[in-house]
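Here the structure is laid out as structure tokens; the discussion comes afterwards.
There are 2 protein chains.
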Amino acid sequence: MPVTIRDVARASGVHISTVSRTFSAPHLVNPETRVRVLACAEDLGYRPNRAARALITGRTHNIGLIIADIANPFFPPLIKAAESQARHRDYHVFVADTNEDPTAEEELVHALAKQVDGVLLCSPRMSNSLIEQLSREVPLVVVNRQVTGLPCVLMDVGQGARAAVEHLIGLGHRDIALLGGPRSSWTNREMRRAATTAVRTGGGELTVLGPNAPTETGGSAVAEQVRRSGVTAVLAYNDLMAIGLIEGLDALGVRVPQQVSVVGVDDIALSRLTRPKLTTVATPTGAAGRTAVDMLLQQDIESPRGARGPGAGTAVGVRRTTAQVMLQTDLVIRDSTGPGPHARPARPRAASHGPDPHCPAGPGIPTAASGDAVAS
Amino acid sequence: MPVTIRDVARASGVHISTVSRTFSAPHLVNPETRVRVLACAEDLGYRPNRAARALITGRTHNIGLIIADIANPFFPPLIKAAESQARHRDYHVFVADTNEDPTAEEELVHALAKQVDGVLLCSPRMSNSLIEQLSREVPLVVVNRQVTGLPCVLMDVGQGARAAVEHLIGLGHRDIALLGGPRSSWTNREMRRAATTAVRTGGGELTVLGPNAPTETGGSAVAEQVRRSGVTAVLAYNDLMAIGLIEGLDALGVRVPQQVSVVGVDDIALSRLTRPKLTTVATPTGAAGRTAVDMLLQQDIESPRGARGPGAGTAVGVRRTTAQVMLQTDLVIRDSTGPGPHARPARPRAASHGPDPHCPAGPGIPTAASGDAVAS
DNA sequence: ATGGACCCTGCAAAGGTTTGCAGTGAAGTA
DNA sequence: TACTTCACTGCAAACCTTTGCAGGGTCCAT
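These protein sequence lines map, in sequence, to chains W and U.
Remember, my numbering sits 7 above the position in the first sequence when you count from 1.
Remember, my numbering sits 7 above the position in the second sequence when you count from 1.
In structure tokens form, the structure reads like this:
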């Protein structure tokens, strides 16, 4: 049943190599022959066997995409962007979900290594050293984690956290909590660092709660703790947790934003649908997906055949693209933040409860700042 | 750099075939030899090249999963379930998103055909005849669509729609609208059919609005239309549309459920987080993913080598598993439905506004009724 | 001692494609 | 005419693995 290059060759009366060239190097074959071959191929429904091609070229034209949790609405836009970018370059994307499990991550990289040309590692939960080690097995681009020596796509959550804290302090909050995410998350560390200094600079006090599961459940589970801590504002690791927290607080009779202000991170679609609408730090997920694919393909092209990674050539310092791109984030003020106990009497609750300034402008995803690549 | 079976053979002093057997048929090789080979393989970091293996066995150990829209929260649980089921059987899943575009669907099937052992087609938007045609190219299992002659996994949305309508009529609603989804959706047709008879049986009147995009935007866009139509209850194609509609109605000053009741379909996680919490028809997405993978693998096993599909053997009627499984749905009553204008005076709003009976029991996903397979 | 059974291993073909090299024929040049 | 150039095509090796077949032992029973 499966029609091979040989069938096409027989049908069109040429050698298989001519058929092969018709597809992979059309300029090398006589136009007349070409149309005949193409006609036969079309007729027979021939499609090149990618496995066989991969066997000899060493390139599968597939990309692996490893995601901590597909169910987190943060990722789908990234996946979509990566897929469409890849498709434009005749690549396919292999999506895999690790359920936030570092072991599953490692296994998936191994399993994918031989059947993809490279892997996008999104929000990894494993250690940097393991990532470096795995990068010797297959070209890697890391998203949401900084690994020296490897190409990375980062979102400036530090800047986002700072903006969020400044927003809260400006509203008159002093006692602020940071709802931590997974322990092994780079984003988590960055946020904590930035929030700590920003709160100190603003003359407030930061309480860190966590680590927690980056889900609604993780958020609602700490509602009680938040209430007891006496803070008046919370910056959550992501929108899901923020929404869960608001739910949890609501169940305890704590009103948002009247009694406690809540800020999320990601600006997932959902954050515009809850009541109150969520104030959040928008992250450029689509741009991240596209950029990561670009960086991976660029890296791939440099070393076309086998012989990738150290060991081929000099021991260290094989030419590789290791640029690290930092994408900008953007604070979106909606209804989940309001004035705190130290609010200045003038124009109270001016910043909140207004119309969402981002809604008319569509999804409100800021443009990528792919320009500010930080050399490494 | 890439270490092959030959390197392992050389290192352990045996022939490559022995190495091969060590992995694919361990019982055929001397235990001593086996441990030596395994040690060498481990040492060198050998991993079998799946492309080469696929070339000779004809099986890639990959499954394609084609999804209309990853960003629709309905799908991630299905994807996760399919992935984990596949992983248990040493298969990988290739997820691809079509953006609800039938053309993209077709192209993806073609592109995937040669690099997977089978494809799961979820909520396809292309025609039945095209699906049948494509099934000759690669084994297919269809989810959320009934195609005669092909294995299908269906969710009983007809039953769900009926239950929803009966619930609404029981609450005293007579003028009910159905918010249609994509024109080419099987689910959409089933719902319409079931809702039509159920409403008629209940002595009410059904207004069909649509087709619409199955998104929040699609839902909010028809809010005005819903208001003008004068209906007091709406059954939406899915939760996303229901939520969008509630948003839209809210913006028009129409209160849910006081003035209009809204029912969704899917029971996505989000439906428990909005205000009011959404009354919805829960669909067993996880079970559907698992079942679909099982059916595909079962089908695959029957025809191990090439020679799949008609044309090999007699012209028609190649043995294939074409079972069609119907999974049950479950009405979950929450807060978005309330008494209508014809409500009986006794115990008003008894059915709604109670505590969500499903919440304590976890995600509230009903168990699969894989037993009631309908022969085809 | 002979034969058979059995376990393990090696041999070699096969799978579909790409690609360097060589060969063919025609056209152009001297 | 003889030689070069050029465009096109065929040949065959290579990619890495699996697997049917056969050969080499060892052991046991006759």
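C-beta atoms are modelled at their ideal positions from N, C-alpha and C, and glycine is treated no differently.
Just so it is clear, the structure is predicted and the values come from calculations on it, not from any experiment.
Residues of chain U with a Cβ closer than 7 Å to the Cβ of A118/W are, in chain order, H99. The beta carbon of N56/U falls within 8 Å of a beta carbon belonging to chain W, placing the residue at that interface. For H99/U, the enclosing beta strand (DSSP E) stretches over residues 99 to 104. Taking 8 Å as the cut-off, the beta carbon of T105/U is found closer than this to the beta carbon of A75/U. Nearest to T344/U by alpha-carbon distance, out of G226/U, V215/U, G177/U, is G177/U. Within the region 159 to 221 of chain U, the complete beta strand (DSSP E) runs of at least 3 residues fall at 159 to 162, 182 to 186, 212 to 216. An exposed status is given to Q140/U, since fewer than 16 other beta-carbon atoms sit within 10 Å of its beta-carbon. Taken in chain order, the members of the region 268 to 281 of chain W whose beta-carbon sits within less than 8 Å of a beta-carbon on chain U are A276, L277, L280, T281. With contacts defined by Cβ atoms closer than 8 Å, L277/W and L277/U form a contacting pair. Residues of chain U whose Cβ lies closer than 7 Å to the Cβ of L62/W are, in chain order, A58, A59, L62.
At a cut-off of 8 Å between beta-carbon atoms, D50/U makes no contact with chain W.
Against chain U, the CB of V102/W has a partner CB under 8 Å away; the residue lies at that interface. Contact holds between the region 292 to 302 of chain W and the region 142 to 159 of chain W, because three or more Cβ pairs, one in each stretch, are under 8 Å apart.
Linking V116/U to F101/W through their CA atoms gives a straight-line distance of about 14 Å. For A78/W, the residues of chain U that pass the 7 Å Cβ criterion are P83, P84, K87, in the order they occur in the chain.
Put simply, the region 199 to 210 of chain U does not touch the region 228 to 238 of chain U. Fewer than three CB pairs are less than 8 Å apart. Under a criterion of Cβ atoms nearer than 8 Å, the residues of chain U adjacent to E223/W are, in order, A276, L280. T64/W counts as exposed, since fewer than 16 other beta carbons sit within 10 angstroms of its beta carbon. Pairwise C-beta distances place the region 261 to 278 of chain W in contact with the region 169 to 184 of chain W, as three or more of them are shorter than 8 Å. For I12/W, no CB of chain U lies under 8 Å from its own CB, so it is not counted at the interface with that chain. Contact annotation: in the region 225 to 250 of chain U, residues whose CB is within less than 8 Å of a CB in chain W are I250.
Bounds of the alpha helix (DSSP H) holding I23/W are 23 to 31. Only buried fits D274/U, as 16 or more other CB atoms lie within 10 angstroms of its CB. Cα atoms of M198/W and R43/U: separation of roughly 49 Å, rounded to the nearest angstrom. Following the DSSP letters along the chain, one finds V126/W inside the beta strand (DSSP E) bounded by residues 125 to 129.
About 2 Å separates the Cβ atoms of G187/U and G217/U, confirming a contact at the 8 Å cut-off. Under the Cβ criterion of 8 Å, K121/U is counted among the residues facing chain W. Listed by position along chain W, the residues whose Cβ is nearer than 9 Å to that of T67/U are A58, Q122. Listed in chain order, the non-local C-beta contacts of T214/U below 8 Å within the same chain comprise D182, I183, A184, L185, S236, V238, local neighbours out to five positions each way being set aside. Within the same chain, R169, V172 come within 6 Å of A205/W by CB-CB distance, once the 5 residues on both sides are set aside.
In the structure shown, T298/U adopts helical secondary structure according to DSSP, grouped into three states. Along the region 252 to 265 of chain U, going in chain order, the ones with a CB nearer than 7 Å to a CB of chain W are E254. Distance between G225/U and P291/U, taken at the CA atoms: about 24 Å.
Residues of the same chain with a CB within less than 7 Å of the CB of A202/W, apart from the 5 flanking positions on each side, are A168, V172, L185, L213, L242 in chain order.
Distance check between L51/W and each of R17/W, H174/W, F81/W, L72/W places R17/W closest, using alpha-carbon atoms only. Unbroken alpha helix (DSSP H) runs of no fewer than 4 residues, entirely contained in the region 66 to 103 of chain W, are found at 82 to 95, following chain order.
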